Amino acid sequence: MNTIVYNVPKIHCGHCTQTIENELAELPGVEAVKASLEDKKVMVRFVEPATDESVKALLAEINYPVA
Numbered sequence: 000m001n002t003i004v005y006n007v008p009k010i011h012c013g014h015c016t017q018t019i020e021n022e023l024a025e026l027p028g029v030e031a032v033k034a035s036l037e038d039k040k041v042m043v044r045f046v047e048p049a050t051d052e053s054v055k056a057l058l059a060e061i062n063y064p065v066a
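Numbering that gives the first Met the number 0 applies: residue 0 is where the sequence shown begins, and numbers increase by one.
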């Protein structure tokens with residue numbers, strides 16, 4: 000199991016955090032997601048088939064790229 004915290008500066012509101020959490024929760028292998036508006040960070044806990052690269056790719060796809 001991996002837990003990674005990503006810096007996502009485009010988080011601006013509660014809707015942003017909810018969108019990120021909902022989208023990442025659908026990625027196979029993702030076990031937990033917590034997006035923080037205050038810190039502009041996203042914590043993701045995952046196992047295979049999810050990878051660091053697939054999480055970053057999905058964040059970029061939904062317009063919240065990792066800095």
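By construction, the Cβ of each residue, glycine as well, lies at the ideal position given by its N, Cα and C atoms. From a predicted model like this one, the values you see are computed outputs, not experimental measurements.
For Val91, which option in Gln17, Val32 and Ile10 has the closest C-alpha, if you only look at C-alpha atoms?
Nothing in the structure corresponds to residue 91, since the chain is present only between 0 and 66.
Given Lys40, which residues of its chain have a CB within under 7 Å of its CB, disregarding the five upstream and five downstream residues?
Around Lys40: Val4, Tyr5, Asn6 and Val7.
Distance check for Lys9 and Ile61, CA to CA, integer angstroms please.
The alpha-carbon atoms of Ile61 and Lys9 are separated by roughly 11 Å.
Range covered by the alpha helix (DSSP H) that runs through Lys55:
In the DSSP assignment, Lys55 falls within the unbroken alpha helix (DSSP H) covering Asp51 to Glu60.
Own chain residues within Cβ distance below 7 Å of Pro48, not counting five before or after
If we look at Pro48 and ignore the five residues flanking it on each side, its Cβ neighbours are Pro27 and Gly28.
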